[in-house]
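Undergrad: Going by the numbering used here, the first residue of the first sequence is number 29, and it counts up by one from there.
Each residue gets a CB set at the ideal place from its N, CA and C atoms; glycine is no exception.
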Amino acid sequence: MLSLKYIRENIDLVKKSIAAKNVDFDLAKLLEYDKKRRDIIQEVESLKANRNIINKKISSSNNVKDNIDIMRSISKDIKKLDIELNTILSKINNDLLYVPNIVDSSVPIGVDESSNVIVREWGKKPEFDFDIKGHLELSEKHRLLDFKSASKISGSAFPLYTQIGAKYERSLINFMLDTHIAEHAYSEVLTPFIVSSSAPRTTGNLPKFKDDMYYIELDDMYCIPTAEVPVTNIHSKSILNEDELPKKYVAYSPCFRREAGSYGKDTKGLLRVHQFNKVELVQFVHPDKSYDVLEDLLLNAETILQKLNLHYRVVSLASGDLSFSAAKCYDIEVWSPFENKYLEVSSCSNFESFQARRGDIKFRSNKTNKVDFVHTLNGSGLATPRLMVALLEAYQKENSDIEIPGVLRPYLNVNKIKSK
RNA sequence: GGAGAGGUGUCCGAGCGGUUUAAGGUGCACGCCUGGAACGCGUGUAUGGAUGAAAAUCCAUCGGGAGUUCGAAUCUCCCCCUCUCCGCCA
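As structure tokens, then:
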């Protein structure tokens, strides 16, 4: 969320960002509401000031009767104006939730992903001198996944990991958590996976993207689409000390996504699923530092792929591909040899004060003793399904055995997944 | 699910219709005192909003919302949250 004041004082920038993100929003109407709001406030506040003065006269007695008559009429006027003000305020507050975050000046401008900019590539595409198999065929052969049983349980696109597949998944999660905790100094949290509506409102998932989440009507709660949602809200409605910044959290969670509107796309196996596991990095930082931290956080996520020795590239998202809440975002895409394309395994975003405003997350400056909103950032570090695709495919041998990367061997206690 | 207790400023805690512009304490900051410190004394100490170049002035805020009243932290209703006990349950 942007503040009304900020919007009023940066109309051009806000207008530009709305256009750059391809968002439909009537800014002129909002500014008109704001003008009306300020007019009413001035009127009603002078009445209230008057009310306070007369109230004091009544309590210090003499002329009580006359003053009560005056108070009656003032109170009537105040009540009328307050209703008018509340009406306009609720319109404004609702509209504000639909204003997208501003776009950082370093973000490439473009309507969609075709304008994304490749920032760097790491490693190189593995080469094979035999016909390679895809992750589905490999996991079927080694009984790592059982989509058939899963569909009986939950329908399509819910993975059921079995035997060494399940252990592999668990190992990946632990490996990633351990790496971020030990090498990047994140502190681990394990959060609720079902949240009330205020949490996704903070992060920007609500109100605009309600249909992307699983909703539990009976309790008016949501299954989290990412650990970003609960973790970002750890510090909602509070003022942190500047000394406490940066706050760095790493959280494993399952992620639940309805993926409405994406049917028919990436339907094979693990490429797009309704439930997946992810290790998420979240930081609360001083506003001056957030763009440096974004680069750090990106490197933290990249470390995982480097340790797994998987080829990947980093992409800076164009304005039109940028999410509603983000000011800037990098995607990390891992190479899938069989799909013959890059698969998104991480998004690392700087939200600046956008989420902090929605969640009321502030810090008190040491120097000025004033409070200001923190900046929030997060990034997947990483999501497992497409990572698993890349791992199975890149590490397959001609006899279909799958080698286990060195860093995962202590977790899995085997060097290879062998045909039985 | 049932019964009860409670939600007040950084924190603790009083107030239960108009001397509350929220007592008192605590924490914090600054000043005085001191060789330096503690003690003591003094001053200040929130958030949001409106006007304003600024200084400042004003308005709102005692979990949230609605109501009663000339006037609500205080009375009424609805909701949320925390705690205790009971029931159910992994």
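So does the stretch 255-269 actually touch the stretch 279-290, counting three or more Cβ pairs closer than 8 Å?
TA: Yes, the stretch 255-269 touches the stretch 279-290.
Undergrad: Hey, how far is the Cα of Glu211 from the Cα of Asp294?
TA: For the purposes of this step, residue 211 is identified with residue 183 of the first sequence, where counting begins at 1. For the purposes of this step, residue 294 is identified with residue 266 of the first sequence, where counting begins at 1. Roughly 34 Å separates the two Cα atoms.
Undergrad: By Cβ distance below 8 Å, which residues in the same chain neighbour Ile102 in space, the five residues on each side in sequence not counted?
TA: Taking the first sequence and counting its residues from 1, the one referred to as residue 102 is at position 74. So the list reads Leu75, Asn78, Arg79, Ile82, once near-sequence residues are dropped.
Undergrad: Using a 10 Å radius around the Cβ and a threshold of 16 neighbouring Cβ atoms, would you call Phe116 buried or exposed?
TA: The residue labelled residue 116 in the question sits at position 88 within the first sequence. The question names Phe, but residue 116 is Ile in the sequence shown. When all chains shown are included, Ile116 counts as buried.
Undergrad: Is DSSP giving Val257 helix, strand or coil here?
TA: As a position in the first sequence, residue 257 is number 229, starting the count at 1. In this structure, Val257 counts as helix in the three-state DSSP scheme.
Undergrad: Would you list, in sequence order, the uninterrupted alpha helix (DSSP H) runs of no fewer than 4 residues that lie entirely inside the stretch 214-302?
TA: Qualifying alpha helix (DSSP H) stretches, in chain order: 226-231, 256-260.
Undergrad: For Glu330, report the span of its beta strand (DSSP E) as first-last.
TA: Residue numbering aside, residue 330 sits at position 302 when the first sequence is read from its first letter. Where Glu330 is concerned, there is no enclosing beta strand (DSSP E), although the alpha helix (DSSP H) it sits in stretches over 318-335.
Undergrad: Under DSSP, the beta strand (DSSP E) around Ile130 begins and ends at which residues?
TA: Walking along the first sequence from the start, residue 130 turns up at place 102. Premise fails: Ile130 is in no beta strand (DSSP E) and is neither H nor E.
Undergrad: So, under 8 Å CB-CB, Leu350 and Val131 are touching, yes? Tell me the CB distance rounded to an integer number of Å.
TA: Here the question's residue 350 lines up with position 322 in the first sequence. Here the question's residue 131 lines up with position 103 in the first sequence. That belief holds up - the Cβ atoms of Leu350 and Val131 are roughly 6 Å apart, short of 8 Å.
Undergrad: Taking just the CA atoms, how far does Gln191 sit from Asn486?
TA: The requested residue 486 is not part of the displayed model; the chain covers only 29 to 448.
Undergrad: For Arg79, write down the residues that DSSP places opposite it in a beta bridge.
TA: The sequence position of residue 79 within the first sequence is 51, counting from 1. Paired residue(s): none; Arg79 is not in a bridge.
Undergrad: Can you grab the Cα-Cα spacing for the pair Asp400 / Ser225, in whole Å?
TA: Looking up residue 400 in the first sequence gives position 372. Looking up residue 225 in the first sequence gives position 197. C-alpha separation (whole angstroms): 24 Å.
Undergrad: Closest to Asp248 by C-alpha separation, out of Lys265, Leu188, Ile222, would be which residue?
TA: The sequence position of residue 248 within the first sequence is 220, counting from 1. Of the candidates Lys265, Leu188, Ile222, the one whose C-alpha sits nearest the C-alpha of Asp248 is Ile222.
Undergrad: Please identify the residue among Lys390, His208, Asp359 whose C-alpha is closest to the C-alpha of Val271.
TA: Position 243 of the first sequence, counted from the first residue, corresponds to residue 271. Sequence check: residue 271 is Asp here, not Val. Ranking Lys390, His208, Asp359 by Cα distance to Asp271 puts Lys390 first.
Undergrad: DSSP on Ala194, reduced to helix/strand/coil?
TA: As a working mapping, residue 194 is identified with position 166 in the first sequence. Helix, per DSSP.
Undergrad: Quick one: Cα of Lys398 to Cα of Met241, how far?
TA: Reading the first sequence from its first residue, position 370 is the one you call residue 398. Reading the first sequence from its first residue, position 213 is the one you call residue 241. Whole-angstrom Cα-Cα distance: 37 Å.
Undergrad: Given this structure, state the Cα-to-Cα distance separating Ser215 from Pro274, to the nearest angstrom.
TA: Looking up residue 215 in the first sequence gives position 187. Looking up residue 274 in the first sequence gives position 246. Straight-line Cα distance between these residues: approximately 11 Å.
Undergrad: By how many angstroms is the C-alpha of Asn129 removed from the C-alpha of Ile39?
TA: Indexing the first sequence from 1 puts residue 39 at position 11. Indexing the first sequence from 1 puts residue 129 at position 101. Taking the straight line from one Cα to the other gives about 13 Å.
Undergrad: Quick one: Cα of Leu309 to Cα of Asp67, how far?
TA: Here residue 309 refers to the residue found at position 281 when the first sequence is read from its first residue. Here residue 67 refers to the residue found at position 39 when the first sequence is read from its first residue. Computed Cα separation, rounded: 44 Å.
Undergrad: Need the endpoints of the alpha helix (DSSP H) that Ser177 sits in, please.
TA: Taking the first sequence and counting its residues from 1, one reaches residue 177 at position 149. Run containing Ser177: 175-182, per the alpha helix (DSSP H) assignment.
Undergrad: Would DSSP call Arg66 helix, strand or coil?
TA: Counting from 1 along the first sequence, the entry for residue 66 is found at position 38. Looking at Arg66 - three-state DSSP - the assignment turns out to be helix.
Undergrad: Which same chain residues, not among the five before or five after Tyr126, have their C-beta less than 7 Å away from its C-beta?
TA: Translated into the one-based positions of the first sequence, residue 126 becomes position 98. Contacts found: Phe53, Lys236.
Undergrad: Measure from the alpha carbon of Leu436 to the alpha carbon of each residue in Pro136, Val342, Arg198, then state which is nearest.
TA: As a working mapping, residue 436 is identified with position 408 in the first sequence. Ranking Pro136, Val342, Arg198 by Cα distance to Leu436 puts Arg198 first.
Undergrad: Please report the straight-line C-alpha distance between Ile96 and Ser264, rounded to a whole angstrom.
TA: As a position in the first sequence, residue 96 is number 68, starting the count at 1. As a position in the first sequence, residue 264 is number 236, starting the count at 1. Taking the straight line joining both Cα atoms gives about 44 Å.
Undergrad: Given Asp137, which residues of its chain have a CB within under 6 Å of its CB, disregarding the five upstream and five downstream residues?
TA: Locating residue 137 in the first sequence gives position 109, where the first residue counts as 1. One point to set straight first is that residue 137 is Ile, not Asp, in the sequence displayed. If we look at Ile137 and ignore the five residues flanking it on each side, its Cβ neighbours are Ala48, Ser347.
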